[in-house]
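Residues in the sequence shown are numbered consecutively from 0, following numbering that gives the first Met the number 0.
I have placed the structure first, in the form of structure tokens, so that the comments after it can refer back to it.
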Amino acid sequence: MSHNFPELKNDLLLRTLNGEEVERPPVWMMRQAGRYLPQYMKLRKKYTFFERVETPELACEITIQPIDELEPDAAIIFSDILTIPQALGIDVDLVKDVGPVMDNPIRSVDDAFAIFAEDVPEKLNHVMEAITLTRKELNGRVPLIGFAGAPWTLFCYMVQGQGSKNFAKAKAFMYQHPDAAQHVMKELTKATIDYLKAQIEAGAQVVQLFDSWSGLLSPEDFNKWAMPYLMEICDAIDEVPVILFAKGSWYALERLSFKSNASALGLDWTITPEYGREATRGNTVLQGNFDPSKLMMPREEIRRQTKRMIDRFGTQKYIANLGHGILPNIAVDNARTFVDTVKEYSATD
């Protein structure tokens, strides 16, 4: 299926991911579409979260809001990592002040073996429609990023049944029923590959894989329960660049940079730019790692700290971003200061 999309005017992100020399780092923010923008809050009053995700016109509008407001170098489709569990038959609800809650989590070995990745792109067709629509509406202003949650992170939610600080139930299940857990991981991997390929077909020009909870795993467990599936997904996606964000798994940076096919690795704020460069031998495009809470600082200080971050990473093979999603209570002007500081950056200042 071929779409006649408008020509891309700002290809800074794509050139960076391609390893080309660039005039400055590109900048975008995880979760930039959404909860800190007043335009978004208006839609939030009218529609439930999943109505916003599942209505292509709304998802498109929300994706483009920060592009109009802040003019970063990329758009990321407004969606959720829990779309895949939904497609696999897990009921997901977003409960105010609690977060995502699953009505029918995996509680037994039988529940686990009943999970099968079938027709995932068809079941999530609203995401593809939103991507195609958004890509047209963006009119080539910036590239569009698609995304998915990684198998370990999705497994955490599907077994725990809701968000958690330690996902103890999910870890216990993995240790007590490794075969059943592995079955779920394999199905999630297949589902994620199918889903990302469908997003690319629909118009995503880059995809990001979020392993938001991989930092809960020890290095040995990461090697067993996260790494193989991350590799399989990155190996399978060769149509567009993949950004891999294994949050909290600083110990895996070296292995990920050598062994995975990802075009870039995301970093949270718990490591230094110097460590990131050293662990990846300076060969890998890195993305991050401004602490989202720092956007609470006075704007002058945001400017200073953002510049310092770029000074330390260097302007090449680097995508300026936060170390995790933007917080809901950030002033739009503070977010704008972050984006503008990167766009105005020159090493000589």
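Ideal placement from N, C-alpha and C gives every residue a C-beta, glycine not left out.
Keep in mind that this is a model prediction, so the values were computed, not measured.
Residue range of the alpha helix (DSSP H) that residue i falls in?
i    : result
D109 : V108 to F112
Y274 : P272 to A278
L12  : L11 to L16
A334 : V331 to K342
K373 : There is simply no residue 373 to check, as the chain begins at 0 and stops at 348 in what is shown.
Rounding to the nearest angstrom, what Cα-Cα distance links residue i and residue j in this structure?
i    : j    : result
I318 : A225 : 24 Å
L57  : N9   : 24 Å
S33  : E50  : In the sequence under discussion, the amino acid at residue 33 is Gly, which differs from the Ser named in the question. Whole-angstrom Cα-Cα distance: 14 Å.
I329 : L255 : 32 Å
W212 : S107 : 22 Å
T82  : L208 : 13 Å
N320 : V239 : 20 Å
S350 : E20  : In the structure as shown, the chain starts at 0 and stops at 348, and residue 350 therefore has no counterpart that could be examined.
T336 : M40  : 21 Å
E136 : H2   : 13 Å
L16  : Q286 : 10 Å
G148 : E6   : 29 Å
V206 : I130 : 12 Å
P104 : F289 : 34 Å
E219 : L229 : 15 Å
L187 : E300 : 42 Å
E22  : I80  : 33 Å
Y274 : A169 : 31 Å
P37  : K293 : 20 Å
V338 : V26  : 6 Å
Y156 : G139 : 36 Å
G265 : V284 : 9 Å
T340 : K185 : 42 Å
L13  : D109 : 44 Å
P150 : R302 : 36 Å
N165 : F4   : 43 Å
K316 : S262 : 10 Å
R276 : K342 : 22 Å
G18  : L42  : 38 Å
P227 : W249 : 17 Å
I63  : V331 : 15 Å
L93  : T47  : 9 Å
How is the beta strand (DSSP E) around residue i delimited, first residue to last?
i    : result
Q304 : First-last for Q304: R298 to F312, but that is the alpha helix (DSSP H), not the beta strand (DSSP E).
V141 : Unbroken run through V141: none, as it is neither H nor E.
I318 : Y317 to L321
N352 : The shown model of the chain, from 0 to 348, leaves out residue 352, and the question about it has no answer.
G287 : V284 to F289
Out of the options, which has the shortest C-alpha to C-alpha gap to residue i?
i    : options                   : result
N260 : I83, I242, V91 and E60    : I242
K189 : Q159, P55, A116 and Y156  : A116
E128 : Q198, D79, E19 and N320   : Q198
G281 : R302, W268, G313 and E200 : G313
N124 : A111, E53, Q38 and D96    : E53
T152 : L215, K122, A179 and N103 : L215
I114 : T62, H182 and F48         : H182
M295 : L87, K45 and I325         : I325
G247 : E200, F146 and G322       : G322
P55  : R298, P150 and V126       : V126
G160 : R298, T271, P150 and I89  : I89
P272 : F257, Q304 and R134       : Q304
V119 : A86, F166 and E60         : A86
P327 : I309, Y46, K45 and M29    : M29
K196 : E343, E121 and D310       : E121
D178 : P291, K223 and R307       : K223
S163 : L11, A278, F48 and M101   : M101
G202 : L11, I66, I75 and R311    : I75
Nearer than 7 Å: is that true of the beta carbon of residue i relative to any heavy atom of the ligand FAD?
i   : result
P55 : Annotation note on the ligand FAD: not contained in the displayed structure, which lists no ligands.
For residue i, decide whether its Cβ has a neighbour in chain C, counting only Cβ atoms nearer than 8 Å.
i    : result
F166 : Absence of chain C from the displayed structure is noted, only one protein chain being present.
Margin query: Could you check whether the stretch 234 to 241 touches the stretch 167 to 185, counting it as contact only if at least three pairs of C-beta atoms, one from each stretch, sit closer than 8 Å?
Written below: no
Next item on the list: Could you pull out every unbroken beta strand (DSSP E) segment of at least 3 residues lying fully inside the stretch 22 to 99, listed in chain order?
Entry: 91 to 94
Next item on the list: Any chance you could list the alpha helix (DSSP H) runs of at least 4 consecutive residues sitting entirely within the stretch 198 to 267, in chain order?
Entry: 218 to 224, 226 to 235 and 252 to 258
Check: If you scan the stretch 143 to 180 from start to end, which runs of the beta strand (DSSP E) of 3 or more residues do you find wholly inside it?
Finding: 143 to 148
Item checked: Given 8 Å, three or more beta-carbon pairs between the stretch 61 to 77 and the stretch 85 to 98 -> no
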